[in-house]
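Going by UniProt numbering, the first residue of the sequence shown is number 1, and it counts up by one from there.
All C-beta atoms, glycine included, are put in the ideal place defined by N, C-alpha and C.
Computed from a prediction, not measured in an experiment: that's the story for all the values here.
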Amino acid sequence: MSRALRVAQGSDREKTAERLLNSSADKFYDPEVDIDWNAPLQDGMYYAPDHRISLYGTELWDQLTPGQRIELGKHEVASIASNGIWFEVLLMQMLLKEVYRIDPTTRHAQYALTEIADECRHSTMFARAIEKVGAPAYGPPPILHKLGRLLPVIGYGPALYGSILIAEEILDRIQRESMADEKVQPLVRMVNRIHVLEEARHVTFARQEVVRGMANLRKWELPYQRLLISIVAFAITRSLINPRVYQAVGLDPKHAAEVALKNPHHQETLRWSGERIMKFLDEAGLVGAPGTRWWKASFLLP
């Protein structure tokens with residue numbers, strides 16, 4: 001790549017970071033202030049739209065009472081939120097790794113630090129929401145929790161930012177639908193609204209880094225980048241609903257998790273949630289062999 005092109009890319013990178021810094025200063029929430037944590041939950045209201053719950057459309061779903069369906073939705077939302085904390089802790093580690101190696105006076109480094117501050121507030125918000133609804137902080141299965149420690153070490157370049165995008169954009173699409181549904185608990189809708197607004201900036205930042213990283217990528221690095229991001233995508237989609245949630249409504253966790261995994265409605269929800277990001281990653285060149293098998297197993301590709 002020519003020096004002139006590198007300079008131009010650096011200038012665009014700084015302009016984007018400057019714009020995002022200004023937006024962050026102008027539009028942000030403090031969940032400690034902007035959410036009424038003392039307001040009671042509303043009886044009979046949903047925590048998630050029925051058709052987004054993992055067992056929807058199955059025989060197990062038909063066996064559940066309306067109250068059990070609401071309860072399962074509550075526990076699935078708690079599972080997704082606690083996994084959101086896991087994703088964001090990994091994201092913060094990766095961003096700190098980036099800041100550690102670059103000039104802190106650049107707008108790029110300063111926006112990365114601003115995003116870390118956002119993610120700290122989001123993680124606290126998710127934790128308080130889980131506590132408020134009265135569900136456990138399920139998090140990912142133990143093996144994924146351990147393997148997740150490797151990502152900040154082995155992740156770099158466009159696959160690193162692409163992995164961030166997968167987690168953020170899947171959650172974003174689920175939360176956008178939920179926050180617009182008046183049958184969903186006001187607390188959950190407000191948490192989703194805050195996260196969606198602030199994540200829009202994070203998505204812009206990460207998308208630019210993917211494009212920039214692919215332009216600078218050496219040909220021999222592409223297979224590794226494709227494989228890494230596909231495995232991360234698999235881990236994300238498989239961890240969203242911890243099997244232990246099914247115990248809350250008296251179901252066998254192992255059996256219910258198997259039913260959910262085979263459920264066409266649940267698979268379609270995952271594809272739907274990843275539609276936008278998959279199109280972007282495909283156009284960027286990150287979707288393909290040797291990661292195709294993992295993409296299909298994640299249900300993000302048919």
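Residue i: first and last residue of the uninterrupted alpha helix (DSSP H) it sits in
{"i": "H51", "result": "Neither: H51 is in no alpha helix (DSSP H) and is coded neither H nor E."}
{"i": "F126", "result": "107–133"}
{"i": "W295", "result": "292–297"}
{"i": "W220", "result": "No alpha helix (DSSP H) holds W220; DSSP gives it neither H nor E."}
{"i": "A289", "result": "That residue, A289, is in no alpha helix (DSSP H); it is neither H nor E in DSSP."}
{"i": "D282", "result": "264–284"}
{"i": "P142", "result": "142–147"}
Assigned secondary structure, residue i (DSSP; H/G/I helix, E/B strand, else coil)
{"i": "V153", "result": "helix"}
{"i": "V249", "result": "helix"}
{"i": "V184", "result": "strand"}
{"i": "Q42", "result": "coil"}
{"i": "D30", "result": "coil"}
{"i": "T65", "result": "coil"}
Candidates the options: closest to residue i by CA position
{"i": "R176", "options": "L160, A200, P264, Y156", "result": "A200"}
{"i": "D34", "options": "P253, N192, D282", "result": "N192"}
{"i": "Q93", "options": "T106, A257, L113", "result": "L113"}
{"i": "P158", "options": "E18, P302, R128, G285", "result": "G285"}
{"i": "I231", "options": "I164, V259, E283", "result": "I164"}
{"i": "L96", "options": "I116, L270, E88", "result": "I116"}
{"i": "K279", "options": "W295, H266, A109, Q267", "result": "W295"}
{"i": "G73", "options": "P49, I143, G57, D282", "result": "P49"}
Burial state of residue i, where buried means 16 or more other Cβ atoms lie within 10 Å
{"i": "S273", "result": "buried"}
{"i": "E168", "result": "buried"}
{"i": "R207", "result": "buried"}
{"i": "A235", "result": "buried"}
{"i": "V249", "result": "buried"}
{"i": "A233", "result": "buried"}
{"i": "D252", "result": "exposed"}
{"i": "Y138", "result": "buried"}
{"i": "S298", "result": "buried"}
{"i": "H51", "result": "exposed"}
Pairwise C-alpha distance: residue j and residue i
{"i": "M214", "j": "L160", "result": "11 angstroms"}
{"i": "A8", "j": "K15", "result": "For A8, the predicted structure reports a pLDDT of 43, less than 50, and the residue's modelled location is therefore unreliable. A value from the coordinates is still provided. Those two C-alpha atoms are separated by around 11 angstroms."}
{"i": "Y29", "j": "I194", "result": "7 angstroms"}
{"i": "E76", "j": "S54", "result": "8 angstroms"}
{"i": "V293", "j": "W220", "result": "One detail in the question is off: residue 293 reads as Arg in this sequence, not Val. Cα to Cα, R293 sits roughly 20 angstroms from W220."}
{"i": "P104", "j": "Y111", "result": "10 angstroms"}
{"i": "R226", "j": "T65", "result": "43 angstroms"}
{"i": "R6", "j": "S82", "result": "Low confidence applies to R6: its pLDDT is 48, below 50, so where it sits in the model is not reliable enough to give any reading."}
{"i": "W37", "j": "S24", "result": "24 angstroms"}
{"i": "R173", "j": "K254", "result": "27 angstroms"}
{"i": "Y224", "j": "R218", "result": "11 angstroms"}
{"i": "I241", "j": "S79", "result": "6 angstroms"}
{"i": "E98", "j": "I229", "result": "18 angstroms"}
{"i": "E275", "j": "L301", "result": "9 angstroms"}
{"i": "residue 303", "j": "R69", "result": "In the structure displayed, the chain extends from 1 to 302; residue 303 sits before or after that span and is not available."}
{"i": "E182", "j": "D43", "result": "14 angstroms"}
{"i": "L281", "j": "A17", "result": "21 angstroms"}
{"i": "A109", "j": "E88", "result": "18 angstroms"}
Heavy atom of the ligand HEM within 6 angstroms of residue i beta-carbon
{"i": "E182", "result": "No copy of the ligand HEM appears in this structure; indeed no ligand is present at all."}
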